[in-house]
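See below for the structure under consideration.
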Amino acid sequence: MTSPTTPPTDATIQRAGCAMGGNTVTLTLTCTTVPAARDLFRRLNAAVERGELTTLLRAGEVSP
25 MTSPTTPPTD ATIQRAGCAM GGNTVTLTLT CTTVPAARDL FRRLNAAVER GELTTLLRAG
85 EVSP
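Counting from 1 along the sequence shown, just add 24 to a position and that's the residue number in the working numbering.
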């Protein structure tokens with residue numbers, strides 16, 4: 025059983041948004057908890073470092 029102080033192992037996104045304009049892509053994500061947001065931010069950074077997010081954006085697979 026998970027205690028209330030144990031951070032979740034996965035981030036639950038409540039709302040998501042994506043806006044593209046010029047050379048800027050803005051992703052807006054609202055998570056259920058601060059630990060979930062930190063986990064999501066860590067995973068997004070890792071995806072950027074691996075080039076995965078850039079590949080998806082160039083392919084047009086991320087949309088508002």
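C-beta: ideal position from N, C-alpha, C; glycine also. What you are looking at is a predicted structure, and each value in this text was computed from that prediction instead of being measured.
Per-residue DSSP class, three states only, for residue i
i     : result
Thr57 : coil
DSSP beta-bridge partners of residue i
i     : result
Ala40 : Leu53
Thr48 : Gly45
Own chain, CB closer than 7 angstroms to residue i, minus 5 neighbours either side, in chain order
i     : result
Arg39 : Thr54
Arg66 : none
Proximal residues to residue i (C-beta, below 6 angstroms), its chain only, five neighbours per side dropped
i     : result
Leu51 : Cys42
Asn11 : Residue 11 lies beyond the stretch modelled for the chain, which goes from 25 to 88, so this question has no answer here.
Val58 : none
Close beta carbons around residue i, own chain, < 8 angstroms, minus the five adjacent residues each side
i     : result
Leu64 : Ala35, Ile37, Leu53, Cys55
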